[in-house]
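*Asks:*
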Amino acid sequence: MALNTPLLKTAILSILDDQAKRTDNPAQAREDFAQQLAEAITAHIKTGQVQTTGTAAAQTGTIL
């Protein structure tokens, strides 16, 4: 199954929209942005599936 890139894009835009409204503490805003972006990317990667053939002991196929 392919990763859902449009969903990741939506999450990133949401994070950027939130950051655009924050002017009170720029340093904290950058820290929050990095955390939220890391969480969005992690969630995105976890939606991927690796397809292989074989048994639990002997796998074939390409894992990228």
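If you read the sequence shown in the UniProt record's numbering, its first letter stands for residue 1, the second for the next number, and so on.
Cβ coordinates follow ideal geometry from the N, Cα and C atoms, glycine included.
Is the Cβ-Cβ distance between H44 and L8 less than 8 Å?
*Replies:* Position 44 of the sequence shown, counting from 1, holds the residue named residue 44. Position 8 of the sequence shown, counting from 1, holds the residue named residue 8. Taking 8 Å as the Cβ cut-off, H44 and L8 qualify as a contacting pair.
*Asks:* Measure from the alpha carbon of F33 to the alpha carbon of each residue in A57, A11 and N4, then state which is nearest.
*Replies:* For this step, residue 33 is matched to residue 33 along the sequence shown. Taking only the C-alpha atoms, the option nearest F33 is A11.
*Asks:* Under 8 Å by Cβ, that's how I've got Q19 and A29 pegged, so tell me the actual separation to the nearest angstrom.
*Replies:* Here residue 19 corresponds to residue number 19 of the sequence shown, with the count starting at 1. Here residue 29 corresponds to residue number 29 of the sequence shown, with the count starting at 1. About 6 Å; that satisfies the 8 Å criterion.
*Asks:* Taking the straight line between their C-alpha atoms, what separation do you get for N4 and E39?
*Replies:* Here residue 4 refers to the residue found at position 4 of the sequence shown. Here residue 39 refers to the residue found at position 39 of the sequence shown. If I take the Cα positions, the gap works out to 15 Å.
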